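Okay, structure first, notes after.
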Amino acid sequence: FFQNAGSEETAKPFEASLSKTAQMIEGWDKKTREQTRSPGCTVVLSDLNGFVGKGRQAISDARSGQYKRENNSELGWRSFNPVERGAKDVQRAFGSLINSMNRDECI
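Encoded structure:
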């Protein structure tokens, strides 16, 4: 998705993947609520939602034209590349999610 500057061809599968992830989050949350939930599980839920949210924001930014170079000045593009920023935001959210999942508070 990010290598193609958020093209619609890559946005659709990414969006479908995020929707599937959101459905999995709902199922996981429902299942953990049925069991005794430890306080650490809310962190995982928050990080899951954060990851999906950052991905959806990146898709929204691409569709609104923010990932098109011609919509930004050259100086603005070099100093604040929106594609790079979006990719880093999603990577950061994914890293946070993996870190919280590696803790064993919810197991």
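Take 1 as the starting number for the sequence shown in this note's numbering and just add one per residue.
All residues carry an ideal CB built from backbone N, CA and C; glycine is no exception.
Nothing here was measured: the structure is a model prediction, and the numbers come from that model.
Beta-carbon separation (whole angstroms), residue i vs residue j, contact threshold 8 Å
{"i": "valine 90", "j": "glycine 55", "result": "6 Å"}
{"i": "serine 100", "j": "valine 44", "result": "5 Å"}
{"i": "valine 52", "j": "threonine 21", "result": "6 Å"}
{"i": "phenylalanine 2", "j": "alanine 87", "result": "4 Å"}
8 Å Cβ cutoff met for residue i and residue j
{"i": "serine 96", "j": "aspartate 29", "result": "no"}
{"i": "alanine 5", "j": "valine 83", "result": "yes"}
Burial state of residue i, where buried means 16 or more other Cβ atoms lie within 10 Å
{"i": "glycine 27", "result": "exposed"}
{"i": "isoleucine 59", "result": "buried"}
{"i": "alanine 16", "result": "exposed"}
Residue i - DSSP class collapsed to helix/strand/coil
{"i": "asparagine 81", "result": "coil"}
{"i": "alanine 5", "result": "coil"}
{"i": "asparagine 69", "result": "Per the sequence shown, residue 69 should be read as arginine rather than asparagine. In the structure shown, arginine 69 sits in a helix (DSSP, three-state: H, G or I)."}
{"i": "serine 60", "result": "helix"}
{"i": "arginine 92", "result": "helix"}
{"i": "glutamine 23", "result": "helix"}
{"i": "arginine 33", "result": "helix"}
Interface flag, residue i vs chain B, CB-CB below 8 Å
{"i": "glycine 53", "result": "Looking for chain B here will not work: only one protein chain is present."}
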